[in-house]
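The structure appears right after this line, and notes come after that.
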Amino acid sequence: MANGLFNRAPVGAVAIVEPPVSQWYARRARVAFIGVSLGCWAVATMVLSASTPLWIAVLLGLAAGLVVGLVAALLVRVWPVLRALWWWSLEIATAAVVVAGLSLLARVWSWRLALAALLLVVIAGLLADPVRRFVWAWSWCAVDRHRLRLYFAGLARASGGSRAGLLPLMLWARPTPAGERVWLWLRPGLELADLDGKAGRIAVTCWAKQVRVVAASERHAALVRVDIGRRDSLAGRIDSPLALLIPSLRLKLTDAPVSPAMPPVGLNLADIPDPPAPEPRNGRR
Amino acid sequence: MPPVLTADAGNGPVDLGPVLSIFDPVHIGIDEFGQPKLVPLIERNMLIGGEPGSGKSGLLNAVVGHAAMSLDCRLVLFDGKRVELGQWRKCADAFVGPNLEQALLVLRKLQMMMDRRYDYLEDCERRKIIPADVFQAYLVAFDELAYYSATIGRKVDRDEFSMLLRDLVARGRAVGIIVVAATQRPSSDIIPTSLRDLFAWRFAGRCTNDSSSDIVLGHGWAQKGWSANMISPNNPGAGLLISESGSPQLIKVAYLDDRTCAGIAAYAATLRDAVRDNPPTGIPVLRAA
C-alpha cells in the first residue's frame, strides 16, 4: 500500500485523509484482514466439513475467509474516507438538494429560468432579516464543528497519540445570542482537564472572540460543552422578565414617576436655608 | 408560565394574576453567552459587592422583585439610603431606614423567630423548610450594609449588628431565612471575614482593583484571571458571579427602571393585600397557568 490511494499525493493536492491517519488505518486493515480471514476460514471449514470431504471444506473455507477478510479490510481501509464524508454530510446534502432542485426545475423551465429562480430565492433570503440571521447563525454552527475537529486533530497530533482515536464526537451545535454552543463527547485518552488553558487557542481556531469549555453533565465526564462567543452580549441593557408578568407594565413608558402628594420644593441646594449655628458646648466659645 | 392566583367568592373563580415562588430559581440576568442566568435562592445567601454604579442595587432589586412576587416569601428590608429598596416598602413586613437602633430591634426579632422555627422543626422531627410549609420563607435584604456595620451608631451597637447578622446567615438557611447583602467593598472592617465566607452566592460588580475583587469573590480568583477590575466602567450591571459551578461566571444583571420597579411593587403589594384580606370573600388558591 506504499504507493496506494492515500499515501502519495502530488504537490498542491489537498488530502482528504492525512498520511499518518491513513497509515494507522492501513495497519488496522491488515490486522482486520488476517483476523477475519482466519476466523471465517475456521468457521466455514467446520460447517462445510459436515456435508463435504475435509479437504474440500478446507479449500472452500479458505476461499470464503479470503473474500470476507478482504471485504472487512476494505471497509476498515476506507473508513476515514467514509467518516470524512459523514463530517461533510450537511454540506453534501445541501449541495445535492440544490442541484436536484435545479435539475427538476430545468425539466419544467429552461436552465436560465431555473437559475434565476434560485437566485431570487437566495436574494429574498438575504434581504429578509430573520431568514438571513437564521441561516447565518446555523451556518456558524456547521463551521464550528469543522473548526473544533481541526483543533482536536492538532491536539492529538501534538500529544503523539493516535489522531483518529482522540477525535471527540461532535454531538450537536446550536446558536446562542453571543455565538454558538457545541456539545462534545470525549473519547478515551482525553479529559476536560486537558483543555484547561486552551480556550484561547480554541477561540482562534474557531475564529471567535472567546471560548469556554465546561462540563455538560453531572453523570458523564465525557460530555462537555463548548461555548463560543463572537459578540458581546453583555453590552446592552437587559430587561427583567418580571415586568412581563404584569399586563400594565408590558407597555414601555419612559417617564420617571413623580409624587402627586409631595411638591418638588427644596430639591436644589439654592432652596435650602442656612441651618442655625450649633450651640456652644459647656458655655465656652 | 408562572402559576396564577385564583380567588373564588362563590361566583366562579377569578384570576388575580401570576405569582412566583421563592422555591423557584431567580432570574438575575444573562450570562456572557446570552443565556438567562437563574440562581436558586432558597437555603442560600448572597453577597453583592462592587464600586458605586456597578449594578449592586440592580441585582438587589431583581432578587427583591422576585421575592415580592412570591407569596410564599416575606420581606424584611434594610436600606441606609431609603430609596433603593423603598419602592418595595408596601410589600415588606419591616422596612428599616438609616436607623441602627431600629435595625437591631428587627434583627433581634428575626433571631427570636428563627429560634422558634427551630423549636418547631425539632418538635416535628424535621430538618428544614419545605414548599407550602406552615411558616414562610423570609428574604432579608441589606443595601449599603456598611452603613449599619461600620458607619453609624456606637461601636458596641455595630458589633451587635454584626453578631446578629452572622447568626442569621449561619443558622437561618434551614428555616427559610435568606440574607442578601450589598455593600461597596466587603472588607473585614465592614463584614467579618468568617461571616463573609458563609455567603454561598457572591457577585462582584466592577471593582477598582484585584484586591477588592478577591474580597468579594474569595481569595485567589484574581490570580486565576477572574478579576472584576477588568470589567468596563461603562458597562454597569456586568460582574462576576460565583454560583452553582463554584467558579466565577461573567453575567449582566437585569435592570428594573423606576417605573417598572414601582409597577411590580404595587402589583405585588395588591396581591399580598388580597391574600391577607381575602378570607371573607373566598380563599385564593394557586393553579397552574
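First to last, the sequence lines map onto chains A and B. For the first sequence, UniProt numbering begins at 1 and goes up steadily by one. For the second sequence, UniProt numbering begins at 1 and goes up steadily by one. In this text, a Cβ means the ideal position worked out from N, Cα and C, and glycines have one as well.
Around the Cβ of S110 of chain A, a 10 Å sphere holds fewer than 16 other Cβ atoms; the residue is exposed. G49 of chain B sits in a strand when the DSSP states are folded into three classes. Here the alpha carbons of V76 of chain A and Y25 of chain A stand approximately 7 angstroms from one another. For C261 of chain B, the closest of A:D274, A:P276, A:L245 and A:R83 by C-alpha to C-alpha distance is A:L245. In chain order, A178 and K209 place their CB closer than 8 angstroms to the CB of D232 of chain A, counting only its own chain and leaving out the 5 sequence neighbours on each side. Within the region 171-182 of chain A, the residues whose Cβ lies closer than 8 angstroms to some Cβ of chain B are T176, P177, A178, G179 and R181, listed in chain order. Between A182 of chain B and I48 of chain B, the C-beta spacing is below 7 angstroms. One Cα belongs to A50 of chain A, the other to V78 of chain A, and the distance between them is close to 36 angstroms. Considering only B:L41, B:Q111 and B:L71, the residue with the shortest C-alpha distance to Y267 of chain B is B:L71.
Counting only the Cα atoms, G246 of chain B lies some 19 angstroms from V169 of chain B. Under the three-state reduction of DSSP output, P53 of chain A falls in the coil class, being neither helix nor strand. Per the Cβ contact rule, the region 215-223 of chain A is in contact with the region 169-186 of chain A (3 or more Cβ pairs under 8 angstroms).
Counting C-beta pairs closer than 8 angstroms gives three or more between the region 70-88 of chain B and the region 134-146 of chain B, which meets the contact rule.
S233, L234, A235, R237, I238, D239, S240, P241, L242, A243, L245 and I246: these are the residues of the region 232-247 of chain A whose beta carbon lies less than 7 angstroms from some beta carbon of chain B, given in chain order. Taking the beta carbon of I30 of chain B as reference, the chain A residues within 8 angstroms of it are P177, S233, L234 and I238, listed in sequence order.
For D194 of chain A, not one C-beta of chain B is nearer than 7 angstroms to its own C-beta. Looking only at A:L82, A:L102 and A:A128, the smallest Cα-Cα distance to A117 of chain A is reached by A:L102. Here D258 of chain B is exposed. Its C-beta has fewer than 16 other C-beta atoms within 10 Å. A residue is called buried when at least 16 other Cβ atoms come within 10 angstroms of its Cβ; S194 of chain B does not meet this threshold and is exposed.
Ranked by Cα distance from K37 of chain B, the first of B:T208, B:R126 and B:F203 is B:F203. Chain B has a Cβ within less than 7 angstroms of the Cβ of D227 of chain A. Not flagged as an interface residue toward chain A: P3 of chain B, since no C-beta distance is shorter than 7 angstroms. Taking R230 of chain A as the centre and dropping the five residues before and after it, the same chain places the C-beta of G179, A208 and K209 closer than 6 angstroms to its C-beta, in chain order.
Per the coordinates, the alpha-carbon of P3 of chain B lies some 11 angstroms from the alpha-carbon of L16 of chain B. Selection A:V122, A:L85 and A:W86 evaluated against V98 of chain A yields A:V122 as nearest (Cα-Cα).
In chain A, no part has a C-beta under 7 angstroms from the C-beta of A204 of chain B; the shortest such distance is about 15 angstroms. When only Cα atoms are considered, A142 of chain A and L104 of chain B end up about 60 angstroms apart. A Cβ-Cβ contact shorter than 7 angstroms links A67 of chain B with I22 of chain B. When the Cα atoms are used, V47 of chain A and R30 of chain A turn out to be separated by approximately 26 angstroms. For I264 of chain B, at least one C-beta of chain A is nearer than 7 angstroms to its own C-beta. Within its own chain, the residues whose Cβ lies closer than 6 angstroms to the Cβ of S243 of chain B, once the five positions on either side in sequence are excluded, are V39 and W201, listed in chain order. Any Cβ of chain A closer than 7 angstroms to the Cβ of K56 of chain B would place that residue at the interface, and such an atom is absent.
With a threshold of 16 other beta carbon atoms within 10 Å, C124 of chain B falls short and is exposed. At least one C-beta of chain A is nearer than 7 angstroms to the C-beta of K252 of chain B. No Cβ-Cβ contact shorter than 7 angstroms links L192 of chain A with K252 of chain B. Assignment of E125 of chain B by DSSP, reduced to helix, strand and coil, places it in the coil class.
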